[in-house]
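So the structure is just underneath, and the comments pick up after that.
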Amino acid sequence: MNTLKPIMSAFVVGGLFSILGQGLMVLFISLLGGNSPFIGPLTLLSLGLIGAVLFIAGIYQKIEKIGAFGAILPFSGFAAAVAGVFAGTKVETGSWGSATKAAVVSLVLYVVGIGTIISIITGVVAFYTV
5 MNTLKPIMSA FVVGGLFSIL GQGLMVLFIS LLGGNSPFIG PLTLLSLGLI GAVLFIAGIY
65 QKIEKIGAFG AILPFSGFAA AVAGVFAGTK VETGSWGSAT KAAVVSLVLY VVGIGTIISI
125 ITGVVAFYTV
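Numbering (my numbering) for the sequence shown: 5 to 134.
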């Protein structure tokens, strides 16, 4: 029973973030029309801003304690992580420049670095199995 609770919590929290993202997408479709190329980027930007604001307000950390991986996996979790790097570096150094540099470096390492490695592994597996 102890293993089931964290799994269910992650499922519920991740599902709530998914519902939020879907709601934002529907809102942008109704405002911009279904053929607008800005719907996807605006939805991701909004989720990222929500994650960053919730992190700065100290709310996202509480959501992560409840939902664990369900709060980390959505795009808002990535934005909260970048905001955390920025805020932590700002507190340590007192410099906006150092904080921005640390956040950009972590963003590049996470997205480009890990994304590239996963893409290469996926490509190699697809090449040799298909």
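Backbone N, C-alpha and C fix where the C-beta goes; we use that ideal spot for every residue, glycine too.
Asked, Found
"Taking 8 Å as the threshold, find out whether the stretch 74–83 comes into contact with the stretch 91–103 through three or more Cβ pairs.", "no"
"Would you mind working out which of Ile125, Ile124 and Val16 sits nearest Lys69, comparing C-alpha positions?", "Val16"
"On the DSSP letters alone, give me the boundaries of the alpha helix (DSSP H) that Gly98 sits inside.", "No alpha helix (DSSP H) contains Gly98, which DSSP labels as neither H nor E."
"How long is the line joining the alpha carbons of Ser110 and Val128, rounded to whole angstroms?", "26 Å"
"Taking buried to mean at least 16 other C-beta atoms within 10 Å of its own C-beta, is Ile54 buried or exposed?", "buried"
"Secondary structure at Ala106, three-state DSSP: helix, strand or coil?", "helix"
"Contact between the stretch 116–124 and the stretch 77–92 is defined here as three or more beta-carbon pairs at a separation below 8 Å; is this criterion met?", "no"
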